[in-house]
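In the UniProt record's numbering, the protein residues as written are 1 to 308.
In this text, a Cβ means the ideal position worked out from N, Cα and C, and glycines have one as well.
Note that the coordinates shown come from a computational prediction; the quantities given were computed from them, not determined experimentally.
Contents: one structure, followed by commentary.
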């Protein structure tokens with residue numbers, strides 16, 4: 001069912017942002033005597049918030065998971081994870097623009113890892129996360145304690161997996177309402193049971209670095225990966241974010257790290273070359289945050305990215 005509509009319309013600018021293109025358009029308008037034509041086209045979009053719908057959202061959720069997990073999506077059982085997200089009495093929200101039956105533009109949900117340790121899809125996820133963090137000793141040891149089979153016992157801290165993904169051009173201002181709704185749903189569910197009473201949250205996301213995108217040379221595999229952008233040679237630890245809210249989550253995290261994918265694809269790195277001199281080199285981001293700091297992060301998100 002529909003939860004609510006975002007308070008105000010979001011304007012998405014679909015016009016060119018290239019100054020040279022704008023100047024050419026202006027010259028053409030002057031030549032044609034059509035000074036009244038607007039240079040930018042703005043589309044007003046109403047974002048509606050909906051409950052998760054297993055009858056409609058399954059395939060879209062699988063696509064979101066593939067996008068979120070990047071080059072390593074084949075390492076996961078995305079169908080199994082989608083089933084857990086859409087299970088009965090699940091919590092979470094999708095954003096749509098054409099009614100409940102349409103595909104979502106954004107998703108935020110949480111799945112209990114602690115209650116599903118025997119599920120194959122969760123086992124794969126745990127094995128993957130532990131493998132990726134093995135070189136960050138304290139992070140890895142903490143995850144092993146939290147995600148071990150013994151962690152299902154009542155006295156052990158409970159861990160939830162936050163699944164957050166959206167289309168790349170979705171405005172960041174939709175994120176704080178999504179997190180607020182998720183928090184409210186979990187609190188209501190806690191009145192009946194402890195399924196969503198988590199002590200920690202695990203978040204898997206993506207970041208990227210800019211790299212020189214070079215043509216692939218079959219005789220030189222190193223070139224196919226692209227060189228590091230010269231301006232970033234002294235800043236190799238700095239990353240840009242697909243999800244801007246990840247900066248807040250990282251600042252409040254118990255542990256976090258950025259890792260190379262096990263399966264490396266050149267396609268995404270080279271795709272940016274159509275528009276710029278640089279490609280993007282995606283990396284895996286793993287964040288572990290406790291419940292109090294997640295609540296603080298949601299407050300910071302609302303302050304930093306207020307609704308228009």
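Asked	Found
Reduced DSSP category for residue 261 - H, G, I as helix; E, B as strand; rest coil	coil
Anticipated Cβ contact below 8 Å, residue 283 with residue 209, distance rounded	7 Å
One or two residues paired with residue 158 in a DSSP bridge	According to DSSP, which records beta bridges pairwise, residue 158 is partnered with nothing at all.
Counterpart residues of residue 96 in DSSP-defined beta bridges	48
6 Å Cβ shell around residue 182 - same chain, five flanking residues per side excluded	108
Cα-Cα separation between residue 111 and residue 93, rounded to whole angstroms	13 Å
The region 133–152 contacting the region 71–84, beta-carbon criterion three pairs below 8 Å	no
Cα-Cα separation between residue 35 and residue 45, rounded to whole angstroms	Because residue 35 carries a pLDDT of 49, less than 50, the predicted location of this residue cannot be relied on, and the following value inherits that uncertainty. Near 27 Å, if we compare the C-alpha coordinates of residue 45 and residue 35.
Endpoints, beta strand (DSSP E) assigned at residue 208	200–212
Residue span of the beta strand (DSSP E) that contains residue 281, given as start and end	278–290
Residue span of the alpha helix (DSSP H) that contains residue 79, given as start and end	78–85
Residue 121: first and last residue of the uninterrupted alpha helix (DSSP H) it sits in	120–132
Nearest to residue 175 (by Cα), restricted to the options 289, 105, 239, 149	105
Helix, strand or coil at residue 189 [DSSP, three-state]	helix
DSSP-derived helix/strand/coil call for residue 179	helix
Straight-line Cα distance separating residue 257 from residue 232	With a pLDDT of 42 at residue 232, under the threshold of 50, the modelled position of that residue is not reliable, and no figure is offered here.
Proximity winner among 59, 69, 301, 243, relative to residue 169 (alpha-carbon distances)	243
Cβ-Cβ distance between residue 240 and residue 207 below 9 Å	yes
Buried/exposed call for residue 116, threshold 16 Cβ in 10 Å	buried
Residue 106 - containing beta strand (DSSP E), residue span	106–112
Option nearest residue 291 by Cα separation, candidates 123, 197, 81, 121	197
Alpha-carbon to alpha-carbon, residue 113 and residue 129	12 Å
Minimum C-alpha distance to residue 77 - residue among 123, 212, 164	123
Alpha-carbon to alpha-carbon, residue 285 and residue 294	16 Å
Opening and closing residue of the alpha helix (DSSP H) in which residue 140 lies	137–147
Alpha-carbon to alpha-carbon, residue 66 and residue 48	24 Å
Cβ-based burial, residue 165 [other Cβ within 10 Å; buried from 16]	buried
Residue range of the unbroken alpha helix (DSSP H) whose run includes residue 66	58–69
Own chain, CB closer than 6 Å to residue 205, minus 5 neighbours either side, in chain order	243, 246, 285
Rounded C-alpha distance that separates residue 306 from residue 250	20 Å
Cutoff 7 Å; reference residue 309; Cβ partners in own chain excluding five residues on either side	With the chain covering only 1 through 308, there is no way to say anything about residue 309.
Best match in 63, 159, 280, 308 for proximity to residue 201 [C-alpha to C-alpha]	159
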